[in-house]
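Protein chains in written order, with this note's numbering: chain A, 3 to 331; chain B, 3 to 320. Every residue gets a Cβ at the ideal spot worked out from N, C-alpha and C, and that includes glycine. Below is one structure, written out as structure tokens; comments come after it.
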Amino acid sequence: MYPILQVKGLKKYFPIKLSFFDSIRGKQTQYVKAVDGVDFTIDETKTLALVGESGCGKTTVGKIVTRLIDPTEGSIVLKDIDVATLRGGDLKAYRKQVQMVYQDPFASINPRFRIYDVLEEPLLIHGIGESMSEREELIFRALEEVKITPPEDYIHRYPHMLSGGQRQRVSFARATILGPSFIIADEPVSMLDVSIRAEVLELMRDLQRKKGLTYLYITHDISTSRFFAQDIAVMYLGKIVEMGPVKEVVDNPLHPYTKALLSAVPEPVPERRDMIKEIPIKGEIPSAADIPSGCRFHPRCVVAKDACKHDEPELINKGNGHFVACPYA
Amino acid sequence: MDEILNIENLKAYFFTTRGAVKAVDDVSFTISRKQSLGLAGESACGKSTLAFTILKMLQNPGKLVGGKMVVTGMDITDFSESKMRKEVRWKKISMVFQGAMNALNPVYTVGYQMAEPLMYHKGVKKEEAMEKSKDYLELVGLSPDILTRYPHELSGGMKQRVVIAMALLLTPDLVICDEPTTALDVVVQAQIMNLLKKLKKELDISTIFITHDLSILAEVVDRLAIMYAGKFVEIGDSIKVYRNPVHPYTQKLLGAIPKLHEDIDKLEYIPGTPPNLIHPPSGCRFHPRCPHAMDICKKEEPRMKEVDTDHFAACHLL
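Dropping the structure here:
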């Protein structure tokens, strides 16, 4: 096993536009630090789950890895390609290797395209398949792989004629038709009903086994990552606060933020319905434009000490590949 | 225990050009004071339509076509729109809508939006209405100075709290919560669930809780109803339904919940998609997706049977 993706010191700052008056007054440009120094690696044919609340920067990480947006700083290496500096033809070739699946299956497929067109578009862009019949064969095979069968019943339909789960499977067919080795799945099941979620997760795992895919699974739902991923990284305000094998992190969380996230997961235990659940966290997530000093979690942390206001913690190895960015964990 | 809501054989159809969509088809249940009922099922099973029907807020082409609705002893089935507005909505039954982000008007302050129903229904002065709104904001754990803020200045969790406070303003007997936590992050979701539990303990209200996520319902409801294709398939005490689900659909839904601390190799899911409600399947509506379907399931519609005290299900296997 060797790492297929290595990310080091990744940063993305979005500048906040100044008003005309502020700019002539010489006010400094402020930045939203969406991603603020992130390191991780993913082994081939494995899945890393990147979890956190909305606004923690997890989607930005995904978009940088596909190079839909450019990083401010840091390196991304996929196999032996230096992703951060790719341009033009090389970038296009890279996108054949790395594909993304989005959260909302209602918004991520063009409503005016028939399923056939949806799947043909990437083939045309990358010049795959010499003739129409060749492309058709590829499209049929891709649909069969995501269990949209029989394909001839579906290729002439429009997206609105499919259910949410079917649409998300078409999204996966579109992502896998170019034969990528790496897929970034950004909340692929969070818009779906619980009963269909399982079906899509099973499909993702099936594709992984058959095609040797590697996933970056971006989600806010820790319980599906336990089922689907091998490793997990918990992100808070642009930084990874805890990382390790998913079983280790979920059963033995060390960082106070991870503990709070886990305590918030609803449990189907009706006997405890009258109990108020203790959620060890204060307030709400602060703005990424104004990140707290020291440990960025300290204003919400229930065990914060004075030192936490000044010293920014580094990820420490706690054994078994379990890393945590809290000196008191 | 006195009865807050009694629904008998309720039917609500949408009359489209392709035929009538039987979104709610022959549903009966009751809710007593201080009780909370969970309503679960996949998207498009009719659970939100049921809520809108109870408030008589169905939009065209939706129509109430049959059944009876009694709210605190008052038969509202034939109430006119203006009578509903004056006597029932918000006074007897209020609702927390799905997607709190969009339930508030972006151009008015929170205070104005909260004071409006009080001024309209109770005829109080604005100052008094504002004072009362403050109390309710405190009740849901918000600071009173939010009154002067606009919705865009609040976070998703705060907006949801405001919407809950608004639903409680006129001291209704029943609050219907339609997917109150779906668009929220897990931590905020857990905080809102805690708030709803607290309110349930402290106030004299009954609730209907609608969601597709059974793991959330387990945390708060006393009774649970499972809805499939416009009909109830199982209803009963929530502990009984969770611990001993008898309908194959309920069993499948419960099996689809991912477990946090267990190694599972395979998640359960329900193959196929929910049926078209213009021409629902004959007999038991779940039979095309049911692993135990028999011949009789295609022909005869199963009736609700009592399997235990306060535990009913509609399945031919029973």
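For asparagine 112(A), there is no enclosing beta strand (DSSP E), since its DSSP letter is neither H nor E. Counting only Cβ-Cβ distances below 9 Å, glutamate 89(B) has no contacts in chain A at all, with the closest Cβ about 32 Å away.
Listed by position along chain B, the residues whose Cβ is nearer than 7 Å to that of threonine 226(A) are Pro260. As computed with DSSP, tyrosine 230(B) is found in a beta bridge with Lys233(B).
Restricted to the region 96-179 of chain B, not a single beta strand (DSSP E) segment is unbroken, complete and at least 3 residues in length. Within the region 273-287 of chain B, those residues whose Cβ lies closer than 7 Å to any Cβ of chain A are, in chain order, Thr275. Take the alpha-carbon of aspartate 297(B) and the one of alanine 316(B): they are about 16 Å apart.
A check of alpha carbon separations from methionine 59(B) across Gly75(B), Ser84(B) and Asp77(B) identifies Ser84(B) as the nearest. Interface with chain B (7 Å Cβ-Cβ cutoff): arginine 211(A) is excluded.
As the crow flies, the alpha-carbon of aspartate 80(B) is around 26 Å from that of isoleucine 280(B).
Per the Cβ contact rule, the region 12-22 of chain A is not in contact with the region 199-209 of chain A (fewer than 3 Cβ pairs under 8 Å). Within 9 Å of the CB of lysine 199(B), the CB atoms of chain A belong to Arg275, Asp276, Met277, Ile278 and Lys279, in sequence order along the chain. In this structure valine 142(B) is in contact with alanine 167(B), their Cβ atoms being roughly 5 Å apart against a cut-off of 8 Å.
Three or more Cβ pairs drawn from the region 49-65 of chain A and the region 225-245 of chain A lie within less than 8 Å of each other, which places the two stretches in contact. Secondary structure of serine 45(B) (DSSP, three-state): coil. Taking CB atoms only, tyrosine 244(B) has a neighbour in chain A less than 7 Å away.
In terms of beta-carbon proximity, valine 267(A) lines the interface with chain B, with at least one pair separated by less than 7 Å.
Proximity of valine 191(A) to chain B, defined by a Cβ-Cβ separation below 7 Å, is not satisfied. Around the beta-carbon of aspartate 276(A), fewer than 16 other beta-carbon atoms lie within 10 Å, marking it exposed.
Taking a cut-off of 8 Å for Cβ pairs, the region 132-148 of chain A and the region 73-81 of chain A do not touch, as fewer than three such pairs fall below it. Nearest Cα to methionine 97(B) within the set Pro290(B), Val164(B), Leu255(B) and Cys299(B): Val164(B). In this structure, Ile237(B) is the residue among Ile259(B), Ile237(B) and Ile272(B) with its C-alpha nearest to the C-alpha of lysine 307(B). Check the Cα spacing between phenylalanine 99(B) and each of Val235(B), Thr275(B) and Thr213(B): the tightest is with Thr213(B). For valine 53(A), the enclosing beta strand (DSSP E) starts and ends at 49-53. By the Cβ criterion, the region 9-16 of chain A is not in contact with the region 169-186 of chain A, since fewer than three pairs of Cβ atoms, one from each stretch, lie closer than 8 Å. Against chain B, a Cβ distance below 7 Å from histidine 222(A) picks out Asp187 and Val188. Chain B has a Cβ within less than 7 Å of the Cβ of alanine 200(A). Here glutamate 130(B) has no same chain residue with a Cβ atom under 7 Å from its own Cβ, once five neighbours each way along the sequence are excluded. Taking the Cβ atoms as the reference, leucine 176(B) lies roughly 17 Å from tyrosine 138(B), outside the contact range of under 8 Å.
By the Cβ-count criterion, methionine 76(B) is exposed, with fewer than 16 other Cβ atoms from all chains shown falling within 10 Å of its own Cβ.
Residues of chain B whose Cβ lies closer than 7 Å to the Cβ of proline 272(A) are, in chain order, Ala220, Ser240, Ile241 and Tyr244. No Cβ-Cβ contact shorter than 7 Å links aspartate 206(B) with glutamine 37(B). For phenylalanine 211(B), DSSP records a beta bridge to Gly40(B) and Cys179(B). Straight-line spacing of the CA atoms in lysine 241(A) and arginine 302(A) works out to 15 Å. Spatial neighbours of proline 329(A) in its own chain (CB-CB distance under 6 Å, excluding positions within 5 residues in sequence) are listed in chain order as Pro315.
Counted as a single uninterrupted DSSP element, the beta strand (DSSP E) harbouring glutamine 8(A) occupies residues 5-18.
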